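Data block below; observations after.
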Amino acid sequence: MSLKERLAEESRAALKAGEKVRLSTLRLLAASVKNREVELRHPLDDDEFVEAATREAKRRREAIEAYESAGREDRAAVEREELAVLQTYLPAALTDVEVDALIDEAVAETGAIGPGDVGKVMSAFMAAAKGRADGRAVQARVRSRLGA
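End of the sequence shown sits at 162 in this note's numbering; the numbers just go up one at a time, nothing left out.
What follows is the structure in structure tokens.
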């Protein structure tokens, strides 16, 4: 079953069960997927679907930070619920050991030696990680590794 089919099935189940937050999140994801299909002019495969879901999850993380800094814990809690729903469509995150190994590979691959090479290393890392690691956290690790 493709991720798109799973999304449609889970949307129907959430509608029948009366799960309002889950249903609205799945509908937003479906709209995001549809918009991406219109952009690309073809139906999304599972990898492209995951990219769309990753983008939506990133938006939720940013919203959580914004609401927490504004003292709106009630809204942050709703965003956390939505993020939990979206994470069921994302691949498992890399462990710290796997992240360190990929950073080592990216540094070796790019020949990075100093702070000016952070962008090259991040580019190589993100291509290898395929959205399974938080870019900000990885960038901090890369900067410390390269002495930036």
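All C-beta atoms, glycine included, are put in the ideal place defined by N, C-alpha and C.
Since the structure is predicted, the reported quantities are computational estimates derived from the model, not experimental observations.
Subject >> Opening and closing residue of the alpha helix (DSSP H) in which residue 122 lies >> reply: Sequence index remark: in the sequence shown, residue 122 carries index 108 (1-based). First-last of the alpha helix (DSSP H) with residue 122: 110 to 124.
**OP:** Output the boundary residues of the alpha helix (DSSP H) element that contains residue 102.
**Re:** As a first step, residue 102 must be located in the sequence shown, where it is residue number 88. Unbroken run through residue 102: none, as it is neither H nor E.
Original post:
Which first and last residues belong to the alpha helix (DSSP H) in which residue 83 is found?
Top reply: Residue numbering aside, residue 83 sits at position 69 when the sequence shown is read from its first letter. From DSSP, the alpha helix (DSSP H) with residue 83 extends over 60 to 83.
**OP:** Would you check if the stretch 93 to 105 and the stretch 38 to 55 touch, i.e. whether three or more CB-CB distances between them fall below 8 angstroms?
**Re:** By the C-beta criterion, the stretch 38 to 55 is judged to be in contact with the stretch 93 to 105, since at least 3 inter-stretch pairs fall below 8 angstroms.
Subject >> Simplified DSSP assignment, three categories, for residue 15 >> reply: If you number the sequence shown from 1, residue 15 lands on position 1. If DSSP states are grouped into helix, strand and coil, residue 15 belongs with coil.
Subject >> Closest Cα partner of residue 142 within the set 160, 131 and 118 >> reply: By 1-based counting over the sequence shown, the position of residue 142 is 128. Shortest Cα-Cα distance from residue 142 to any of 160, 131 and 118 involves 118.
Original post:
Are the beta-carbon atoms belonging to residue 140 and residue 130 less than 8 angstroms from one another?
Top reply: As a first step, residue 140 must be located in the sequence shown, where it is residue number 126. As a first step, residue 130 must be located in the sequence shown, where it is residue number 116. Between residue 140 and residue 130, the C-beta spacing is not below 8 angstroms.
Original post:
If you draw a straight line from the C-alpha of residue 22 to the C-alpha of residue 90, how long is it?
Top reply: For the purposes of this step, residue 22 is taken as the residue at position 8 of the sequence shown. For the purposes of this step, residue 90 is taken as the residue at position 76 of the sequence shown. When rounded, the separation of the alpha-carbon atoms in residue 22 and residue 90 is 26 angstroms.
Original post:
Among residues of its own chain, excluding the 5 on either side of residue 157, which ones have a beta-carbon nearer than 8 angstroms to its beta-carbon?
Top reply: Taking the sequence shown and counting its residues from 1, one reaches residue 157 at position 143. Closer than 8 angstroms at the Cβ level, and outside the excluded window around residue 157, lie 129 and 132.
Subject >> Reference residue 234, options 61, 127, 137 and 98, closest by Cα >> reply: With the chain covering only 15 through 162, there is no way to say anything about residue 234.
Original post:
Can you tell me whether DSSP reads residue 149 as helix, strand or coil?
Top reply: Translated into the one-based positions of the sequence shown, residue 149 becomes position 135. Residue 149: helix per DSSP, three-state reduction.
**OP:** Keeping to the same chain, check which residues put their C-beta closer than 7 angstroms to that of residue 134; ignore five residues upstream and five downstream.
**Re:** As a position in the sequence shown, residue 134 is number 120, starting the count at 1. Taken in chain order, the residues that qualify are 124 and 126.
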